[in-house]
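With the first letter of the sequence shown counted as 1, position 78 gets the number 70 in my numbering; the numbers rise by one all the way through.
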Amino acid sequence: MMSEPTPDQLKQVDLRVLTHVVYGLFALGLVTWVFAAATVAAIVIIYVKRGDVAGTVYASHFNWLSYTFWWALLWVLVSLLGTYIFIGYLGLVVTTVWALYRVVKGWLALLEFKTP
């Protein structure tokens, strides 16, 4: 006979699902650019729920995505300035590929119960 899950086990499952949702929103915003608001929503969730994930493996995933967002935003802004001399378009592509790589790497780590 199986025992009922403890509240801590249920909380871990909830945090895991939340982290998957955050990765999904982040990826949706990156892949489509039309839904960039999804990436912003992911960052809002990250900052609102940061206290809930403190001390868990999910905190490292939240930090990973937060770092990815802020650096990508910086490089997108720099690249947009560079579009006037056409080199900025390359910067936009490189930044998008880099951010997607980080999302995929982090999401795969989450699936394996590891830190990114």
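Note that beta-carbon positions come from the ideal geometry of N, C-alpha and C, so glycine has one too.
Practice prompt. Check whether the Cβ atoms of Thr88 and Leu20 lie closer than 9 Å to each other.
Written response: The residue labelled residue 88 in the question sits at position 96 within the sequence shown. The residue labelled residue 20 in the question sits at position 28 within the sequence shown. No, Cβ-Cβ distance for Thr88 and Leu20 is not below 9 Å.
Worksheet item: When the Cα atoms are used, what is the spatial distance from Ala101 to Pro108?
Response: Your numbering for residue 101 matches position 109 in the sequence shown. Your numbering for residue 108 matches position 116 in the sequence shown. If you take the alpha carbons of Ala101 and Pro108, they lie about 5 Å apart.
Fill in: Alpha-carbon to alpha-carbon, Tyr81 and Tyr15
To locate residue 15, count along the sequence shown from 1; it is residue 23. To locate residue 81, count along the sequence shown from 1; it is residue 89. Taking the straight line joining both Cα atoms gives about 25 Å.
Item to complete: Could you tell me the distance, in whole angstroms, from the CA atom of Val9 to the CA atom of Phe18?
Response: Your numbering for residue 9 matches position 17 in the sequence shown. Your numbering for residue 18 matches position 26 in the sequence shown. Computed Cα separation, rounded: 14 Å.
Fill in: Distance, Phe105 Cα to Val68 Cα
The sequence position of residue 68 within the sequence shown is 76, counting from 1. The sequence position of residue 105 within the sequence shown is 113, counting from 1. Each residue's Cα considered, the two are about 31 Å apart.
Worksheet item: For the alpha helix (DSSP H) that contains Trp25, what are its first and last residues?
Response: Here residue 25 is taken as the residue at index 33 of the sequence shown, counted from 1. Looking at the DSSP string, Trp25 is not in any alpha helix (DSSP H), and its letter there is neither H nor E.
Worksheet item: In chain order, what residues of the same chain have a beta carbon less than 6 Å from the beta carbon of Arg94, not counting five sequence neighbours either side?
Response: The count along the sequence shown starts at 1 and reaches residue 94 at position 102. Contacts found: Thr60.
Item to complete: At 4 residues or longer, and completely inside the stretch 39 to 92: list those alpha helix (DSSP H) runs for me, N to C.
Response: 49 to 74
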